[in-house]
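The structure appears right after this line, and notes come after that.
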Amino acid sequence: MTTHDETQHPPAVAEPAGAPAVKEGRTPALTQEMARQAVTGEAGRQPADRRERRTRRTALIVVVATAVAAAAGLAATGAFSGDDGSTAQAAPGRPAATVKVQRLTLTSTETVDATLGHGEPAAVTDASSASVPSASASASGPGGDGPSGADGEFVTWVPREGDTLGRGDAVYRVNEREVPLLYGSIPFYRTLKPGSQGADVRLLERNLAELGYGGFTADDEYTSGTAEAVEEWQDDLNAEETGIVRPGDAVVAPGARRVAELRTSPGAVAGGEVLTWTGIERIVSMDLDPRHEALVKEGLRVTVRLPDGGTVVGEVTDIGTVGNDNAGSGSGSGSGADGESRGADEATLPVRLKIGDQQKLGRYQAASVDVILEAGSRENVLAVPVNALMARPGGGYAVEVPAAGGGQDMVPVELGTFAGGLVEVKGPGIKEGMDVGVPK
Numbered sequence: 001m002t003t004h005d006e007t008q009h010p011p012a013v014a015e016p017a018g019a020p021a022v023k024e025g026r027t028p029a030l031t032q033e034m035a036r037q038a039v040t041g042e043a044g045r046q047p048a049d050r051r052e053r054r055t056r057r058t059a060l061i062v063v064v065a066t067a068v069a070a071a072a073g074l075a076a077t078g079a080f081s082g083d084d085g086s087t088a089q090a091a092p093g094r095p096a097a098t099v100k101v102q103r104l105t106l107t108s109t110e111t112v113d114a115t116l117g118h119g120e121p122a123a124v125t126d127a128s129s130a131s132v133p134s135a136s137a138s139a140s141g142p143g144g145d146g147p148s149g150a151d152g153e154f155v156t157w158v159p160r161e162g163d164t165l166g167r168g169d170a171v172y173r174v175n176e177r178e179v180p181l182l183y184g185s186i187p188f189y190r191t192l193k194p195g196s197q198g199a200d201v202r203l204l205e206r207n208l209a210e211l212g213y214g215g216f217t218a219d220d221e222y223t224s225g226t227a228e229a230v231e232e233w234q235d236d237l238n239a240e241e242t243g244i245v246r247p248g249d250a251v252v253a254p255g256a257r258r259v260a261e262l263r264t265s266p267g268a269v270a271g272g273e274v275l276t277w278t279g280i281e282r283i284v285s286m287d288l289d290p291r292h293e294a295l296v297k298e299g300l301r302v303t304v305r306l307p308d309g310g311t312v313v314g315e316v317t318d319i320g321t322v323g324n325d326n327a328g329s330g331s332g333s334g335s336g337a338d339g340e341s342r343g344a345d346e347a348t349l350p351v352r353l354k355i356g357d358q359q360k361l362g363r364y365q366a367a368s369v370d371v372i373l374e375a376g377s378r379e380n381v382l383a384v385p386v387n388a389l390m391a392r393p394g395g396g397y398a399v400e401v402p403a404a405g406g407g408q409d410m411v412p413v414e415l416g417t418f419a420g421g422l423v424e425v426k427g428p429g430i431k432e433g434m435d436v437g438v439p440k
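Residues in the sequence shown are numbered consecutively from 1, following the working numbering.
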């Protein structure tokens, strides 16, 4: 997880709307990240697995630092007169453009690296071979032609990676007998037959009803009508018509699934892992720095920024527990002080978000995205664009104010919250609605 500065991608968090757009490149200008570090002394720490993005941001900071240093050089040569900072100082020329000081609410944010995808894949293991009805074997008798247990059981068909499977679709076939997908939360863990009762019976009957089978009531009781519907279902699956449902006769999942990876192929002996799958909806996953845990809660709606700059709304649906993201890899299990330091640095909080409007995700199936978390708000404050700030000789910042008789005055300001390309400013010479200079 990496947090990074909002100057690169400022979210629309200032209220009310209509904050002026400000072009970059003014000298001396101050970006939000440089100002924040100048005021708080805070510098973000980047994990090693984000080296490329860290390199880009470091290069940006170096360029900005050079600009600020150049501004300090101009100040040292007398471009700004006075060094006590107690009153506004006159400066030649007029600002390239002006905007008005606004009174509004500023919301500070943290931008977190995240991943768009289909979530963690789950494995599907073939259990159908163990549930092959023994009636066939009994009918053939010892030495007969019928199957005996898992003897002669082979995978004969599997879907393709990326396929979407819905209720009733075959997940795979064993000896051309379909093993279908049913919707629910309880796997078939016991043999269901007339007289059986329970939630798993209700799950089976509801699925049969949705698939168009009838002659029974979808409740907790397995009746003779249920058995007749099961026989009809088994005939359609190319399975033996026993009217009995055993563990492994179907695979149960909460909803439609997307095949992530095949783990077997036609001709393989049945009984092992067949494939992995995920849900069909794209979600956002992030490993949050534990120090930002207070910024998320279930049900929270946040902004997700896509690689093309577009945004969608995500809702926090699951918050895990703080853990080491390299657990089991061996890299974070070192002993002694060095090992403890690595473990502390790598501990993260897994967070998952659902995206309600899947169409806004476009064609992205897997991508790196940014999640913008609200870190705090300041109401009823005076604010100006960040690039309206000017470095003052001896330290501190000021804004350019057009003077009545021509030229401009440098009005000292104290800095507060930064958000969305704006900065809170305070000082006796700052008033709502006054003009301050910015680059064109």
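In this text, a Cβ means the ideal position worked out from N, Cα and C, and glycines have one as well.
Under the three-state reduction of DSSP, V158 is assigned to coil, being neither helix nor strand. Distances from the CA of T321 to each of L295, A114, A294 and L349 were compared; the closest alpha carbon is that of L349. Per DSSP, the continuous beta strand (DSSP E) segment holding E374 begins and ends at A367 to P385.
Annotation for G215: G225, E228 and A229 place their beta carbon closer than 7 Å to its own, counting only its chain and skipping 5 residues before and after.
Separation of the CB atoms of D126 and Y172 is rounded to 7 Å, and the pair is thereby assigned contact status at 8 Å. The residue from I430, A403, I372 and V386 with its alpha-carbon nearest to that of T111 is I372. Restricting attention to I355, E221 and Q408, the CA atom closest to the CA of E281 is found in I355.
Annotation: the region 189-275 contains the following complete segments of the beta strand (DSSP E) (minimum length 3 residues), in chain order: 251-253 and 257-262. The shortest CA-to-CA distance from T115 to any of V284, V316 and G394 is the one to V284. Secondary structure at K440: coil, using DSSP grouped into helix, strand and coil.
The alpha-carbon separation between E424 and R291 amounts to approximately 25 Å.
From the listed residues G429, A122, G310 and M286, the smallest Cα separation to R258 is found for A122. Its Cα nearest to that of R160, the residue T276 stands out among L422, T276 and E379.
For Y364, no beta strand (DSSP E) encloses it, and the DSSP letter there is neither H nor E. For the options R190, E210, Y222 and A218, the alpha carbon positioned closest to that of Q197 is the one of Y222. Taking a 10 Å sphere around the C-beta of D163, we find fewer than 16 other C-beta atoms and assign the residue as exposed.
For Q102, the enclosing beta strand (DSSP E) covers residues Q102 to G117.
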